[in-house]
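One structure is given below, encoded as structure tokens.
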Amino acid sequence: MAPATAGQVWAHVGQPFKAAGWDVLVLGAGRMGTAVTLFLRDLRPEWRVLLVEEGGLPNEDGATILAPGLWTLAGLPEDRHAEAQWGRAQLEGRFGGAGGQARTLLSLGQDGEEDTGALLTRHPELTGMVDPAGAPRAAVHEAFTYRPGALALAAGQAAVRAGADLLLNTRASLIPGGACLERLTVTNTHQIVTHETHEVQAPQVVVALGAAGPHATEHGLGVHTRHARAYRQTPRLNVPTSDTTPVLHAAGLTLRPQSGGVTIIPPVHHRDPHGYAPQGGQLTGVPTGLRRETLEDLVSALEVLPALGTDALETGRSLADVPGAWLALPHGDPAGLPWHGEVAPGVHLLLGGPQADTLGLSTAYRLAAQLAGVALPEGWAPAVSPR
Ligand code: ADP
């Protein structure tokens, strides 16, 4: 087959944009939007696809760049294992540059086949972090860690090389039959303003706007969904780790070794109500950058993870000090798996959310396969729930 001609990229408003006849518009270039664009180019090379993103690739404000990048089968329904394994094979193969690494995941608690103390002797770097008396038993799982931001960048670049068009710095909203695209620019007083607006029609639109997706369908098309969002912070714990340090699950927290330290991933307890503005809570009267729910989670994990009670934990002084992002919650469920569904004729909502590290790529592929009329790979559960 002859190599595809690369698509066009509009990075800034100096590059004149003219609407062409696209078959599919993909809105949002996080990991879900970039992946579905690439898979559409793979499956239907004759279709023209435009990928639109409000920021750059990858956007600093999206959920993708701060996602833990922790692939694991632990806790996943059995009928989704085959596609999770497919996703991992993609991560190790096609997206091998996304910093992938096989690691052990230790789930610490009261049950499990292994003795926590004995496991710790194999990982001396964990001895200062974990008190085995608080979690005497452990279960050992296989895991794989990678950088979701690098994955989105690689998928976006591969999609453009394969012929997809990419429109950056452009805010999209839904209109019947297509999207309204506002090309943004920055004034010399650092204000973001709309430079020009285009209305583009297409037979199929994929809404991959992350946490903003459900609201966008409601606002633009009047389609109400049960999906929701939550603000998740991922504070840093400065304890030494290496490429072989295991990932820990303990007291509801996940501790992901990263860049020589640890990123803490707190649980998502519930959806945040519409209009919720994240704010830092106080710890013994001192303002921090961590939201109250997360502070409570950290305090209640101290028995198992005494390192959280030391200066190694970066609590920050205000919200801006702690990395955090809005996550989509498919079906409003903190444990919701990545999902896609046709919410209006020709409009497909694609949501990653908290489990996108494991099932995000395969869910993007499911949607691409459905649009392209191609069968799913063998062994995959037939379809994700329609709503
Ligand atoms: P996901 O895991 O679903 O890919 P992200 O939050 O990482 O979630 O990605 C969503 C992307 O959509 C982000 O890069 C964000 O900048 C982009 N986005 C959000 N709202 C808009 C919008 N109105 N127009 C264009 N892009 C948007």
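Just remember that the working numbering sits 3 ahead of the position in the sequence shown, which is counted from 1.
Note that the Cβ used here is the ideal one computed from N, Cα and C, for glycine as well.
These numbers come from a predicted model, not from an experiment.
In terms of alpha-carbon separation, which member of VAL226, THR173 and PRO135 lies closest to THR200?
-> Along the sequence shown, one-based indexing puts residue 200 at 197. Per the Cα distances, THR173.
Assigned secondary structure, TYR234 (DSSP; H/G/I helix, E/B strand, else coil) | Residue numbering aside, residue 234 sits at position 231 when the sequence shown is read from its first letter. In this structure, TYR234 counts as strand in the three-state DSSP scheme.
Among VAL346, THR257 and LEU352, nearest to LEU308 - alpha-carbon criterion = Residue numbering aside, residue 308 sits at position 305 when the sequence shown is read from its first letter. The option with the nearest alpha carbon to LEU308 is THR257.
Buried versus exposed call for VAL209 [16 or more other C-beta atoms within 10 Å across all chains shown] | To locate residue 209, count along the sequence shown from 1; it is residue 206. Looking at its Cβ environment, which holds 16 or more other Cβ atoms inside 10 Å, VAL209 is buried.
For the stretch 170 to 189 and the stretch 140 to 155, state whether three or more C-beta atom pairs, one from each stretch, are separated by less than 8 Å.
-> no
Other residues of its chain near ALA7: CB distance less than 6 Å, five sequence neighbours each side excluded = If you number the sequence shown from 1, residue 7 lands on position 4. Here the set comprises ALA165 and GLY166.
Return the first residue and the last residue of the alpha helix (DSSP H) that ARG394 is part of.
-> The structure shown does not extend to residue 394, since the chain spans only 4 to 390, so no value can be given for it.
Can you grab the Cα-Cα spacing for the pair GLY292 / GLY376, in whole Å?
-> Counting from one through the sequence shown, the residue named residue 292 turns up at place 289. Counting from one through the sequence shown, the residue named residue 376 turns up at place 373. So the alpha carbons of these two residues sit roughly 47 Å apart.
What number of angstroms, rounded off, separates the C-alpha of PRO249 from the C-alpha of THR190?
-> Position 246 of the sequence shown holds residue 249. Position 187 of the sequence shown holds residue 190. Rounded to whole angstroms, PRO249 to THR190 spans 47 Å at the Cα level.
Every unbroken alpha helix (DSSP H) inside the stretch 64 to 103 [4 residues or more] = 84 to 95
Taking 6 Å as the cut-off, is the CB of THR247 close to at least one heavy atom of the ligand ADP?
-> As a first step, residue 247 is located in the sequence shown; it is residue number 244 there, counting from the start. Answer for THR247: no, Cβ out of range of the ligand ADP.
Please check the pair PRO341 and GLY327, which I expect to be a contact at CB under 8 Å, by giving their CB distance rounded to whole angstroms.
-> Indexing the sequence shown from 1 puts residue 341 at position 338. Indexing the sequence shown from 1 puts residue 327 at position 324. With 8 Å as the limit, PRO341 and GLY327 do not qualify as a contact, their Cβ atoms being about 20 Å apart.
How many angstroms separate the CA atom of VAL265 from the CA atom of THR37?
-> Within the sequence shown, numbered from 1, the residue matching residue 265 stands at position 262. Within the sequence shown, numbered from 1, the residue matching residue 37 stands at position 34. Going from the Cα of VAL265 to the Cα of THR37 covers about 28 Å.
Determine the DSSP secondary structure at TRP383, reduced to helix, strand or coil.
-> Reading the sequence shown from its first residue, position 380 is the one you call residue 383. Correct three-state label for TRP383: coil.
Give the range of the alpha helix (DSSP H) segment to which GLU296 is assigned.
-> Your numbering for residue 296 matches position 293 in the sequence shown. Start and end: 295 to 303.
Inter-stretch contact at 8 Å, needing at least 3 Cβ pairs: the stretch 313 to 333 / the stretch 52 to 69 | yes
Where ASP300 and ARG239 are concerned, what is the direct C-alpha to C-alpha distance, given to the nearest angstrom?
-> Reading the sequence shown from its first residue, position 297 is the one you call residue 300. Reading the sequence shown from its first residue, position 236 is the one you call residue 239. Each residue's Cα considered, the two are about 14 Å apart.
Evaluate contact between the stretch 19 to 36 and the stretch 133 to 144, counting only Cβ atoms and requiring at least three cross-stretch pairs below 8 Å.
-> no
How is the beta strand (DSSP E) around PRO260 delimited, first residue to last?
-> By 1-based counting over the sequence shown, the position of residue 260 is 257. Where PRO260 is concerned, the enclosing beta strand (DSSP E) stretches over 256 to 261.
Expressed to the nearest angstrom, what Euclidean distance is found between the alpha-carbon atoms of TRP13 and THR188?
-> Here the question's residue 13 lines up with position 10 in the sequence shown. Here the question's residue 188 lines up with position 185 in the sequence shown. Distance between the alpha carbons of TRP13 and THR188 is about 12 Å.
Are there three or more Cβ pairs, one per stretch, closer than 8 Å when the stretch 220 to 230 is compared with the stretch 46 to 59?
-> no
Just curious, the beta strand (DSSP E) that VAL226 is in, first and last residue?
-> As a working note, residue 226 is residue 223 in the sequence shown. From DSSP, VAL226 is part of no beta strand (DSSP E); its letter is neither H nor E.
How is ALA338 classed by DSSP in three states: helix, strand or coil?
-> Residue 338 sits at position 335 when you count from the first residue of the sequence shown. Here ALA338 sits in coil by DSSP.
Would you call VAL203 buried or exposed, if buried means 16 or more other Cβ atoms sit within 10 Å of its Cβ?
-> The residue you call residue 203 lines up with position 200 of the sequence shown. The residue in question, VAL203, is buried, as its Cβ has 16 or more Cβ neighbours within 10 Å.
Of the listed residues ALA141, ALA304, ALA280 and PRO276, nearest to PRO270 (C-alpha basis) | As a working note, residue 270 is residue 267 in the sequence shown. Cα-wise, what sits closest to PRO270 is ALA304.
Which residues mark the beginning and the end of the beta strand (DSSP E) in which GLN194 is found?
-> Indexing the sequence shown from 1 puts residue 194 at position 191. Counting along the chain, GLN194 falls outside any beta strand (DSSP E), and DSSP gives it neither H nor E.
Flag this pair as yes or no: are the beta carbons of PRO260 and LEU156 separated by less than 7 Å?
-> Translated into positions along the sequence shown, residue 260 becomes position 257. Translated into positions along the sequence shown, residue 156 becomes position 153. Contact flag unset, no.
Would you check if the distance between the CB atom of LEU28 and the CB atom of ALA161 is smaller than 7 Å?
-> Working through the sequence shown from its first residue, we reach residue 28 at position 25. Working through the sequence shown from its first residue, we reach residue 161 at position 158. No, they are not a contact pair.
Residue burial classification, SER110 (beta-carbon count within 10 angstroms, cutoff 16) | Your numbering for residue 110 matches position 107 in the sequence shown. Answer is buried; the Cβ neighbour count reaches 16.
By a C-beta neighbour count over all protein chains shown, 10 Å radius and 16 as the cutoff for buried, is GLY312 buried or exposed?
-> Locating residue 312 in the sequence shown gives position 309, counting from the first residue. Classification for GLY312: exposed.
If you count every other CB in all the chains shown that lies within 10 Å of the CB of VAL302, and 16 or more means buried, which is it?
-> As a position in the sequence shown, residue 302 is number 299, starting the count at 1. Exposed, because fewer than 16 other Cβ atoms sit within 10 Å of the Cβ of VAL302.
Within the present structure, is the beta-carbon of ARG34 separated from the nearest heavy atom of the ligand ADP by less than 6 Å?
-> As a working mapping, residue 34 is identified with position 31 in the sequence shown. ARG34 Cβ: within cutoff of the ligand ADP.
Leaving out five residues before and five after ALA378 in sequence, what residues of the same chain have Cβ atoms less than 8 Å from its Cβ?
-> Counting from 1 along the sequence shown, the entry for residue 378 is found at position 375. Only ALA372 meet the Cβ criterion.
Of all Cβ atoms in chain D, is any one closer than 7 Å to the Cβ of ALA9?
-> Within the model displayed, chain D is absent; a lone protein chain is all it includes.
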